[in-house]
Structures are given as structure tokens and as C-alpha cells.
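Visitor: In my numbering, the protein residues as written are 1 to 664.
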Amino acid sequence: MLVFVFTDYHNTYAQHLSSARGIALGAFSSFAGSIGSLDWNPAGLSSLGNLEINVSNFTSTGNQSSGIGVFNSIGIGKKFLDNQAAAVQYSPGKKLDFVLSSSFSIFDTAGNKVTAKFDQKISYNQNYSFGYSYLFSNGLSVGIGAHYFETKISDMRYRFDETNSIQSYTEEYTAQMWSIDLGLITSISEYWSQGLTIKNLFQFSEHELNQKFENYRLNLEKLLRFGFSYTGIDDFRIALDGDSKYNFQFGTEWTPDSWLQLRSGIYNSKWKSIDAVGFGLGIIYNPVRIDIAYLKFPHSENRTNTITGDVFKSNSFVDIDYTAFTADRLSLTATINLWQTRESLARIEYVEMLGEVFTASHQVYAFRPIGKARVKNISSKSIQAKVSFFVEELMTVPTDTKSYTVSPNEVIEIPFFAVFNELISAVKKFSIFDGTVFVSVETAADYDDKYQTRVLVRSKNDWDGDPMSLRYFITPNDPEIIKFTRDALSIQKLFLDSSNIAILDFLKSKIIFNVFAEKLLYVRDPMTSKDFVQYPSETLSLHGGDCDDLTVSYASLLMSIGISVALVDVVPPDQPDKAHIYLIFDSGVTPENGDMISSNPKKYIIRKNEKGKETIWIPVETTFVSKGFDEAWVEGAQQYYENAELHSAIERGWLRIIDLPSGI
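(1) How is Arg486 classed by DSSP in three states: helix, strand or coil?
(2) Return helix, strand or coil for Tyr246, following the three-state DSSP convention.
(3) Measuring straight from C-alpha to C-alpha, what distance separates Tyr640 and Asp595?
(4) Just tell me which of Leu281, Leu223 and Ser648 has its CA closest to the CA of Asn41.
(5) Mapping the DSSP letters down to three states, classify Glu480 as helix, strand or coil.
(6) Here's the rule I'm using: 16 or more other beta-carbon atoms within 10 Å means buried, otherwise exposed. How should Val568 be labelled?
(7) Curious, which full-length beta strand (DSSP E) runs of at least 3 residues does the segment 554-596 contain?
(8) Here's a check: name, in chain order, each residue in its chain whose Cβ is nearer than 7 Å to the Cβ of Pro476, leaving out the five neighbours to either side.
(9) According to DSSP, simplified to helix, strand and coil, what is Ser537?
(10) Taking C-alpha atoms, which residue in Glu190, Ser258, Phe236 and Leu338 lies nearest to Gly49?
(11) If I measure Cβ to Cβ from Leu135 and keep anything under 6 Å in the same chain, skipping five residues before and after, which residues do I get?
(12) From the DSSP output, in three-state form, read off Gly143 for me.
(13) Within this structure, are the beta carbons of Gln89 and Leu38 separated by less than 7 Å?
(14) Could you tell me whether the segment 329-338 touches the segment 422-438, using the rule of 3 or more Cβ pairs below 8 Å?
(15) Which word fits Ser382, buried or exposed, when buried means at least 16 other C-beta atoms lie within 10 angstroms of its C-beta?
(16) Got a sec? Which residues, its chain only, sit under 8 Å from His647 by beta carbon, not counting five neighbours each side?
(17) Using 7 Å as the threshold, is the C-beta distance between Val357 and Ala373 below it?
(18) Should Asn514 and Phe629 be called a contact, given that it needs their Cβ atoms to be closer than 7 Å?
(19) Please classify Glu610: is it buried, with 16 or more other beta-carbons within 10 angstroms of its beta-carbon, or exposed?
(20) Quick one, are the C-beta atoms of Phe659 and Ala579 less than 7 Å apart?
(21) State the start and end residues of the unbroken beta strand (DSSP E) segment that holds Arg21.
(22) Is it buried or exposed, Ser529, if we count other Cβ atoms within 10 angstroms and call 16 or more buried?
(23) What is the C-beta distance between Ala27 and Gly282, in whole angstroms, given that I count them as a contact (C-beta under 8 Å)?
(24) Can you say whether Val397 is buried or exposed, counting buried as having 16 or more other CB atoms within 10 angstroms of its CB?
(25) Given that a residue counts as buried once 16 or more other Cβ atoms are within 10 Å of its Cβ, and exposed if not, what is Pro619?
(26) So for Val288, helix, strand or coil by DSSP?
(27) Would the beta-carbon of Ser431 fall within 7 Å of that of Val457?
(28) Whose C-beta lies closer than 7 Å to the C-beta of Asp635 among residues of the same chain, with five residues either side of it excluded?
(29) Ile650 lies in the beta strand (DSSP E); which residues open and close that run?
(30) For Lys510, which residues does DSSP report across the bridge?
(31) For the alpha helix (DSSP H) that Asp726 lies in, which residues bound it at each end?
(32) Distance, Cα to Cα, Met527 vs Leu550?
(33) If you draw a straight line from the alpha carbon of Leu212 to that of Gln126, how long is it in whole angstroms?
(34) Quick one: what's got a C-beta closer than 6 Å to Ile53's C-beta in the same chain, skipping five residues either side?
(35) Could you have a look at His207 and say whether DSSP puts it in helix, strand or coil?
(36) Would you tell me roughly how many angstroms separate the C-alpha atoms of Ile412 and Val406, rounded to the nearest one?
Below, the structure written as C-alpha cells:
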């Protein structure tokens, strides 16, 4: 029991003594963790393990000695749904007791002076605390804490009985209230974290004190506390806290080994003097963590058993844990994480999706990054980390990256990929799917962290505008395409059988085009858009399409009978909106036999085929489909000659020839 006689003294403090780690550091708002976050910053509950139990004890080392120690608190916290956490704490050791001693004198019937003493006992308790936190996908954690306070006043009174003897009796008064805190923690950059706490933002009274004890009512002041921490120095964390009452704390934490942490902190009051210093260490042996701290007050006045003055009129409180009357103390906190066999070694800081997923070309994402993850090594040793990506509805198993070496506290960007299954082809319209990014460390049986992200998936007909990915709309093995070419050639079987074998592929290409032309109509895209392409079977079914639709359809028809095709991509530098695609195909005719198909060498291109042999390639402008093969050939040849020969477009980089692999 602490005995105080009150005098003028005015200070407001905003520290908490439920976490030995926080006590030693002094500055804990920006990275508060474990159940101790309930007092410091409830947003820190997001760093809880799967199931955490926390016990703390302390012993005062000054005149207010508590003997073998005081059971301070016990708490339990649970993480659920991956990004939410809740905790509850019972704290019988969080109490502040006062005794007001007074006396009065009377004369008995014999005229003797009788002096009687009576005490008013005032006790403030914070027995229960509750907290909840939510971790957003961008790394921002927000939390709310609720604290239950009880005030008890025991007033000793005296009265004369029927025989005029003095008798004492005690009157008991109680009051209860709730105080609500809000907090947030976020990463400003790779090495900087920020925390913000509003203490006692709301207060609700369940039961008020008797009016005559109004001066003793617990009225907790609102206070804004902010903090920063920096981890850019190997094995060190530096932290700074400040509040709206101009109190500041500075702390450092050194991790010389994965199982040991050494800490120190300075408590400053209004920039005038050092109010207290803290020292401590942490010992980690998973799943158990032991933290020890010693809090020393250089100035011991007002921290002894007797203080003069009216404390309630001149003193204010933010909580009852750390006050102007708190004595030196040695604290111990023990934490155990159940159902968690190891501490996470890596954390995902941020995930960036590099674009939308185009269903038609979904194969490219197995080789081209679909996104990148910023991964931080949060351990004290180098690790081998890899990232996995998974969309449950569109992938059979997660797609893993290779392993990357990450130094302690280093942050690296790891590109990740995606191998989609056949279900992605069923996406008929623009859709949004939930994707999950995991990071895991080699030798670990489970992932260390995961990050939810949104995956935008385009429909099967959407195209990203890249001519290289237009190949994914070309389907020479489609049964409808194969049937079309076989039917078209069977009609001309007698003609083909009697034709010169040297130009047989050329003749087949011409026949197929003309049959194709009879069934189709070129439809100019009114939006001149490059983001929608029909599959060849759709073009045949609809009997029409735009430039891209006709190009991929004719390419599919030619490739279905074994004729090599290449796309010609033209992007005029002065008129990029006039970009255009047509095709060239391998006629199989050797240059020396060129006269067999045309006496004008400007109508064809001599280039090497897949076997490295020079052959004649025929340019075809498929938008001339309604005019027949000969007109489409003339137009294609003219465009190629003007661009490639007259304007040197290939050398200048605005005309590309993209060979289509035969294994499409």
C-alpha cells in the first residue's frame, strides 16, 4: 500500500509498463508487438502469432518494495483470417493506491482530550483490456483498444454510540469507466515505420462516484502519441516517440544474434530533463520469448512513501501505469506462441501487378513476369527466399520463382510468374479474381508471409496490342479450320494433282484465300481498336471480321496445311495511329523459279525459311479479302515495297517481321 499526503505537483505521462521490451526501449509506438500492444498501440496486435499467451511480473526496487514481486498481467491473443487479431488482458497489478490520513480531537466526559485518526483509501485499478487490429493489404495496420477502470474509495468515519463511546465505521464507494484508444502502424519506406496512437479518445462511465468525492474521480486526459523507427543499420533498430504533452522517448535495440536482443531507452519530460532510463534484454527460444527490463528514475523525490500536496487538483493522468509516483522497477515478461514452430524470416512489403492478364496469351505469363513482390529479410542472417503466386479459380498449383539471396534487413524485388490451367479459357468477360502471393524461405515447411492482391483477367478475345502475342489467336489445329482447308482443297483436287509441284503450296494458298473470300466480309473496326480479336472459328461463323481477325484466320488456314507464315507489323513513326498488320507466307518456290508465279520480283520477298533455305514469300493484305487473292497480293506487295524498300522501315525499326512457329 502506498501512503501519500498530497501537495502541488503537475505532470502528465503516457508510458506503459505492461511490456518489458517496451519499458527498456521507451519508444515502442511504431513497432509495438505482442499483447503489450494493447497499451502502447493496439495496431501492433497484427504482429501476433497464431495464438499468443503473455505473462508479466514486476518488483519495485525503491522504498515501495513489493517483496518477491507483483503479478502484473496475463493476456491471450489470437490471429484469425490472416489479417485480423484480437486480444484480452487481465491486469491485477495495474493499480494506484492512495491513503489520506487525517485526525481530529474531542474531549470526553472527564475532560480528557481524545485524538482520533481516520483514513480515506483511494484505489484506481485497470483490471481488463481488450483489443482488435486489422491489417490491410498495403501493410497499414489499424487497431482499437478498450480499457476498463475501477475506482474504489474506502472512507473511515467516527461516531458516538449511546454510551458516548467513539466507534469507527467504513463507507465504500465505487465507480467504473471505459477508455477507448485508437492506433495505426505503417511502413513509410524500406527502413522506416510509423506509429500513431490516440489515448483516451472516448471515455464512458458505467457508475459515477458520490458527488462529495468528485475531486477523486479518475479523469484520463486525451493524448496523441506518435513514433518512428529505423532499421537501416545492420542488427539495429532505432526508435523515437513523442506526444502532445511534449514528452519524448528514444530507444535502441541491438540483435547480436538471432536469440538475443539488448535494449536501452531514455525518457524525457518536456525537453527539460531525463525523467527515466531503461535497460533490458530479450532471449528468444522459439516458441518462448523472455524479456527483462529495469526502469530507473534518476530523481527519486515524489517516488517515496510520502508526498505532500493536493495531487488531484494539480496532477493529471493518461493512465495509472506510469505516473509521477512510479518507483524504480524490475520487470519480466514471458511470451509463448502456440501452434507456431518458427518465427517468420521474410515479409512481403508490397506487391505490384504488372498489368492485366490476357486470356488468349495466358501461356506467356509462365515466362514473362505477371507481377513483382518486395520482400524483406526480417531475420539477422542471410536467407534464400522464393515467391509463389496462386489464383485458386484459374491455377492448379502455385507457380514458384527461383530462390534469391537476401541479406539481413535487405529488401529486394522478386518477379513472379503464373502457369494458368485450361479454365482461364472459359473467362468470357473482363473479370477480377483474388490472387495470393506467398514468400517462403528454403528449408521451411510453410510460407513466411503472404499478400492478397487483385488479378484483372481479360476475356478470351481481349488482346494486349502486342503483335508478338497475336500468335495466341492463331489456331491451325482447330477442327473447324482443318475441315475448312480440306474441303476447299478437295474441290480443286484434279487441278492440284496436275499442277507443277514446284508451285503447289502457292496454288493451295491462292485457292484457300479465294474460298475464304467467298464466305467472309472485311468489317472495318469503327473504333480502330486493337484490344479485341476473334478466333478463326468465330470469324468463319460470323462471316466477317476486321484486319486482325482476317489476318489470324488466314494464317491459321495456311498453317493448318503446313505452310509457314510470318506477321508484318508496321508502325509509322510519324503516324503511330496508322499502325497495321498483314502477313507473308512461304510459297515454297525457290528464287530461280520466281518467274513461275510472277515476272515482277517486286511482288514477292526472298528470305530464308525455317530450314535456312531461301524461298519466295508472298505478302497478302487480308483486308482486300472481298477482291480476291490477286488484288490482296498486289496490295500487300505494294505496301511492303514502299515501307521496306523505299523508306528502309526494317533498318529504321518501324517494320518488323514476326515468324510464327510451326508448333503453334
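Idealized CB from N, CA, C, for every residue including glycine.
Guide: Taking the geometry as given:
(1) Counted from its first residue, the sequence shown places residue 486 at position 486. Annotated three-state conformation of Arg486 is helix, per DSSP.
(2) Numbered from its first residue, the sequence shown carries residue 246 at position 246. Collapsing the DSSP output to three states places Tyr246 in coil.
(3) In the sequence shown, the residue the question calls residue 640 occupies position 640. In the sequence shown, the residue the question calls residue 595 occupies position 595. When rounded, the distance between both Cα atoms is 19 Å.
(4) Numbered from 1 along the sequence shown, position 41 holds the residue referred to as residue 41. Ranked by how close their Cα comes to the Cα of Asn41, the residues Leu281, Leu223 and Ser648 have Leu223 in first place.
(5) Here residue 480 refers to the residue found at position 480 when the sequence shown is read from its first residue. DSSP, read as helix, strand or coil, puts Glu480 in helix.
(6) The residue you call residue 568 lines up with position 568 of the sequence shown. By the Cβ neighbour-count rule, Val568 is buried, with 16 or more other Cβ atoms within 10 Å of its own.
(7) Listed in chain order, they are 565-570 and 580-586.
(8) Walking along the sequence shown from the start, residue 476 turns up at place 476. Closer than 7 Å at Cβ, skipping near neighbours: Ser556, Met559, Ser560 and Ile664.
(9) As a working mapping, residue 537 is identified with position 537 in the sequence shown. Ser537: helix per DSSP, three-state reduction.
(10) On the sequence shown, residue 49 is found 49 positions in, with the first residue counted as 1. Nearest neighbour of Gly49 by Cα position, chosen from Glu190, Ser258, Phe236 and Leu338, turns out to be Leu338.
(11) What you label residue 135 is simply residue 135 of the sequence shown in a count that begins at 1. Excluding sequence neighbours, Leu135 sits near Ser46, Asn83 and Ser141.
(12) The residue given as residue 143 occupies position 143 in the sequence shown. Reduced to three states, the DSSP call for Gly143 is strand.
(13) Here the question's residue 89 lines up with position 89 in the sequence shown. Here the question's residue 38 lines up with position 38 in the sequence shown. A contact, by the Cβ cut-off of 7 Å.
(14) No, the segment 329-338 is not in contact with the segment 422-438.
(15) Residue mapping note: residue 382 aligns to position 382 of the sequence shown, counting from 1. Exposed.
(16) Within the sequence shown, the letter at position 647 stands for residue 647. There are no such residues.
(17) Taking the first residue of the sequence shown as position 1, residue 357 is located at position 357. Taking the first residue of the sequence shown as position 1, residue 373 is located at position 373. Result no, Cβ atoms of Val357 and Ala373 do not sit closer than 7 Å.
(18) Working through the sequence shown from its first residue, we reach residue 514 at position 514. Working through the sequence shown from its first residue, we reach residue 629 at position 629. Annotated as proximal: Asn514 and Phe629, with beta-carbon spacing under 7 Å.
(19) Within the sequence shown, the letter at position 610 stands for residue 610. Within 10 angstroms of the beta-carbon of Glu610 lie fewer than 16 other beta-carbons, which makes it exposed.
(20) In the sequence shown, the residue the question calls residue 659 occupies position 659. In the sequence shown, the residue the question calls residue 579 occupies position 579. The amino acid at residue 659 is misidentified as Phe; the sequence shows Asp. Pairing Asp659 with Ala579 gives a Cβ-Cβ distance that is not under 7 Å.
(21) Locating residue 21 in the sequence shown gives position 21, counting from the first residue. In the DSSP annotation of this structure, Arg21 is not part of any beta strand (DSSP E); the continuous alpha helix (DSSP H) holding it starts and ends at Ala20 to Leu25.
(22) Position 529 of the sequence shown, counted from the start, is the residue given in the question as residue 529. For Ser529, the predicted structure reports a pLDDT of 44, less than 50, and the residue's modelled location is therefore unreliable. A value from the coordinates is still provided. By the neighbour-count rule (16 or more Cβ atoms within 10 Å), Ser529 is not buried but exposed.
(23) If you number the sequence shown from 1, residue 27 lands on position 27. If you number the sequence shown from 1, residue 282 lands on position 282. Between the beta-carbon of Ala27 and that of Gly282 there is about 16 Å, and that puts the pair past the 8 Å contact cut.
(24) Within the sequence shown, residue 397 is the residue found at index 397, counting from 1. Classified as exposed, Val397 has fewer than 16 neighbouring CB atoms from the shown chains inside 10 Å of its CB.
(25) Within the sequence shown, numbered from 1, the residue matching residue 619 stands at position 619. Pro619 is classed as buried because its beta carbon has at least 16 other beta carbons within 10 Å across all chains shown.
(26) Here residue 288 refers to the residue found at position 288 of the sequence shown. Val288 carries a strand assignment under DSSP once its states are collapsed to helix, strand and coil.
(27) For the purposes of this step, residue 431 is taken as the residue at position 431 of the sequence shown. For the purposes of this step, residue 457 is taken as the residue at position 457 of the sequence shown. Contact: yes.
(28) The residue labelled residue 635 in the question sits at position 635 within the sequence shown. According to the sequence displayed, residue 635 carries Glu and not Asp. Leaving aside the five residues that flank Glu635 on each side, the residues in its chain whose CB is nearer than 7 Å to its CB run, in chain order, Glu621 and Phe624.
(29) As a working mapping, residue 650 is identified with position 650 in the sequence shown. Careful: Ile650 lies outside any beta strand (DSSP E), inside the alpha helix (DSSP H) at Ala649 to Arg652.
(30) Reading the sequence shown from its first residue, position 510 is the one you call residue 510. Per DSSP, none; premise fails for Lys510.
(31) Outside the shown range of the chain (1 to 664) lies residue 726, about which nothing can therefore be said.
(32) The residue given as residue 527 occupies position 527 in the sequence shown. The residue given as residue 550 occupies position 550 in the sequence shown. Legend: pLDDT at Met527 = 44, less than 50; position of this residue unreliable, value from coordinates given subsequently. Each residue's Cα considered, the two are about 17 Å apart.
(33) Your numbering for residue 212 matches position 212 in the sequence shown. Your numbering for residue 126 matches position 126 in the sequence shown. One detail in the question is off: residue 212 reads as Lys in this sequence, not Leu. If you draw a straight line from the Cα of Lys212 to the Cα of Gln126, it comes to about 23 Å.
(34) Taking the sequence shown and counting its residues from 1, one reaches residue 53 at position 53. Closer than 6 Å at Cβ, skipping near neighbours: Ile76 and Ile336.
(35) Taking the sequence shown and counting its residues from 1, the one referred to as residue 207 is at position 207. In the structure shown, His207 sits in a strand (DSSP, three-state: E or B).
(36) For the purposes of this step, residue 412 is taken as residue 412 along the sequence shown, with counting starting at 1. For the purposes of this step, residue 406 is taken as residue 406 along the sequence shown, with counting starting at 1. The straight-line gap separating the alpha-carbon atoms of Ile412 and Val406 is approximately 7 Å.
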